[in-house]
Amino acid sequence: MADLKTLEHATLKVPYEILNKKFRVTQKVIDREATNVKSYLSELDQLLKTTPSSDNLNSIIEKLVTFKKKVEESITDETEAAQVCKDRLSHLQEYAELNSLSAEKWRKQRLDRMLVEYFLRAGYYDSAIELGKSSDIEHLTNMELFITSRKVEESLSAKNTALCVAWCQDNKSKLKRMKSNLEFKIRQQEYIELVKEKKILEAVKHARNFLSSTDPDKLTDIKQCMALLAYSPDTELEPYRSLFSEDRWKDLTKQFRAENFKLYQLNMNSVFSVTMQCGLSALKTRHCYVDNEKNDSCPVCKSPMSALAEKLPFAHCSHSRLICRLSGEPLNEHNPPMVLPNGHVYGYNALSVMAAEHGGKVECIKTKERYKLEDAEKVYVM
130 MADLKTLEHA
140 TLKVPYEILN
150 KKFRVTQKVI
160 DREATNVKSY
170 LSELDQLLKT
180 TPSSDNLNSI
190 IEKLVTFKKK
200 VEESITDETE
210 AAQVCKDRLS
220 HLQEYAELNS
230 LSAEKWRKQR
240 LDRMLVEYFL
250 RAGYYDSAIE
260 LGKSSDIEHL
270 TNMELFITSR
280 KVEESLSAKN
290 TALCVAWCQD
300 NKSKLKRMKS
310 NLEFKIRQQE
320 YIELVKEKKI
330 LEAVKHARNF
340 LSSTDPDKLT
350 DIKQCMALLA
360 YSPDTELEPY
370 RSLFSEDRWK
380 DLTKQFRAEN
390 FKLYQLNMNS
400 VFSVTMQCGL
410 SALKTRHCYV
420 DNEKNDSCPV
430 CKSPMSALAE
440 KLPFAHCSHS
450 RLICRLSGEP
460 LNEHNPPMVL
470 PNGHVYGYNA
480 LSVMAAEHGG
490 KVECIKTKER
500 YKLEDAEKVY
510 VM
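Just so you know, the sequence shown maps onto residues 130 to 511 in the numbering used here.
Here is the structure:
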């Protein structure tokens, strides 16, 4: 179960956070509408003391119907979010109850889920959607989260802040606990765009509405924004040159992505990338990068894995396992290592088979030198 805890954190965490958010929204809706209902009932009570008109009664009935509809919609959203959590828990619980054949199918599904997430992070949305449909795992992935994120990122790339501002408002309480300054940066960028367009009065009004924070951490940014009014967009003076730079939109997109991942406790690297790096590191040895020492059966010794593993740490082996180059079998008491006169070591079993096939002669696969089997000496590993 250790691999489930390590690899499936996002599988459960994201729907849990969504459920938690839906629950809080539903609670607020019910509290707000319950207050309104009390007001409607008080109004109805006053009407009953007089002679209520049909219009008055119809108005109150309409308000109560609206209240019921809002509550039902909120509860439905919350129920659907809870069902997603339940479905994913059931899927993960299946792993402990499967036989070897079914477990292999389950692992294949997990690999597909990892690939879907990797494609979504890399921007290959069509490939991710197609793989999710063909493998019937759409309900087990966080596809909706990334597609929503994509819309916000695309709007920022198009210099439109509306979706990002709406996202900030939708997650305001959590962003505040995270001490995020994303909304401030978005408002700052809106101000800068107004200054670029020479809409000075609108820029000042915008600054009064959104950039009048008393937070000392934002004071320097606010002062620099106010000073922008004295400069043109083609200035070379820092920091105003950087504030006018178009690269700020790219920075905002990156910050939004980072904040979105942090909001749902997602790692900046995909599970697929981390898993592959762990696997490559576990196989990586110094021999993998020496031309005449590479092993054909080792993924790290081959391209493109060799380049991917280049900056990863070497495998940590507290107990070495010696493998025969000829047969691929472990070298142990049942297959003792034998050293040839040229210094290369092979397993006794493989050398015996070779000697039987070549009249008592063995050949070193590295140097092509030939020796008698009797010339090989046993190696003792301490």
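All C-beta atoms in this analysis are idealised placements derived from N, C-alpha and C, irrespective of residue type, glycine included.
Do K495 and Q384 have their CB atoms nearer than 9 Å?
Position 366 of the sequence shown, counted from the first residue, corresponds to residue 495. Position 255 of the sequence shown, counted from the first residue, corresponds to residue 384. Not closer than 9 Å, so no.
Alpha carbon to alpha carbon, how far is E162 from M355? Give it in angstroms, no decimals.
Start at 1 with the first residue of the sequence shown, and residue 355 comes out as number 226. Start at 1 with the first residue of the sequence shown, and residue 162 comes out as number 33. The alpha-carbon atoms of M355 and E162 are separated by roughly 42 Å.
For K501, three-class secondary structure by DSSP
Counting from one through the sequence shown, the residue named residue 501 turns up at place 372. In the structure shown, K501 sits in a strand (DSSP, three-state: E or B).
Could you tell me which residues DSSP puts in a beta bridge with G476?
Position 347 of the sequence shown, counted from the first residue, corresponds to residue 476. Looking at the DSSP assignment, G476 forms a beta bridge with P466.
Alpha-carbon spacing of A438 relative to E503, whole angstroms:
Numbered from 1 along the sequence shown, position 309 holds the residue referred to as residue 438. Numbered from 1 along the sequence shown, position 374 holds the residue referred to as residue 503. Whole-angstrom Cα-Cα distance: 41 Å.
Three-pair Cβ contact test at 8 Å for the segment 141-161 versus the segment 196-215:
Look at the beta carbons and you see the segment 141-161 touching the segment 196-215: at least three pairs across the two are nearer than 8 Å.
Our contact map puts N464 next to C453 with C-beta atoms below 8 Å; I'd like the distance itself, whole angstroms only.
Within the sequence shown, residue 464 is the residue found at index 335, counting from 1. Within the sequence shown, residue 453 is the residue found at index 324, counting from 1. Yes, they are in contact, since the Cβ atoms of N464 and C453 sit about 7 Å apart, within 8 Å.
Compute the distance between the beta-carbons of N271 and A139, then report whether it is under 9 Å.
Here residue 271 refers to the residue found at position 142 when the sequence shown is read from its first residue. Here residue 139 refers to the residue found at position 10 when the sequence shown is read from its first residue. In contact: N271 and A139 (Cβ atoms closer than 9 Å).
Looking at the structure shown, is V491 part of a helix, part of a strand, or coil, going by DSSP?
Position 362 of the sequence shown, counting from 1, holds the residue named residue 491. Looking at V491 - three-state DSSP - the assignment turns out to be strand.
Helix, strand or coil: how does DSSP classify I266 here?
The count along the sequence shown starts at 1 and reaches residue 266 at position 137. Coil, per DSSP.
Where K413 falls, given that 16 or more other Cβ within 10 Å makes a residue buried:
The residue given as residue 413 occupies position 284 in the sequence shown. K413 is classed as buried because its beta carbon has at least 16 other beta carbons within 10 Å across all chains shown.
Flag this pair as yes or no: are the beta carbons of I147 and S203 separated by less than 9 Å?
Stepping through the sequence shown from its first residue, residue 147 is reached at position 18. Stepping through the sequence shown from its first residue, residue 203 is reached at position 74. Not closer than 9 Å, so no.
Quick check on this structure: which residue in W296, S374, N149, L141 has the alpha carbon closest to the alpha carbon of C214?
In the sequence shown, counting from the first residue as 1, residue 214 sits at position 85. Comparing alpha-carbon positions, the option among W296, S374, N149, L141 lying closest to C214 turns out to be L141.
Tell me whether K507 sits in a helix, a strand or coil according to DSSP, three-state version.
Counted from its first residue, the sequence shown places residue 507 at position 378. The answer is strand: DSSP assigns K507 an E or B state.
Roughly how many angstroms separate the alpha carbons of E365 and L372, rounded to a whole number?
The residue given as residue 365 occupies position 236 in the sequence shown. The residue given as residue 372 occupies position 243 in the sequence shown. Put simply, the backbone Cα of E365 is about 11 Å away from that of L372.
Can you name, in chain order, every residue of its own chain whose Cβ lies under 7 Å from the Cβ of E267, other than the five neighbours on each side?
As a first step, residue 267 is located in the sequence shown; it is residue number 138 there, counting from the start. Excluding five sequence positions before and after E267, the CB atoms of its chain that fall closer than 7 Å to its own CB belong to G261, given in chain order.
Relative to the C-alpha of V200, which residue among K151, L244, S309, Y247 is closest?
The residue you call residue 200 lines up with position 71 of the sequence shown. Ranking K151, L244, S309, Y247 by Cα distance to V200 puts K151 first.
Between the CA atoms of Q238 and S229 - distance to the nearest angstrom:
Along the sequence shown, read from residue 1 onward, the residue named residue 229 stands at position 100. Along the sequence shown, read from residue 1 onward, the residue named residue 238 stands at position 109. Distance between the alpha carbons of S229 and Q238 is about 14 Å.
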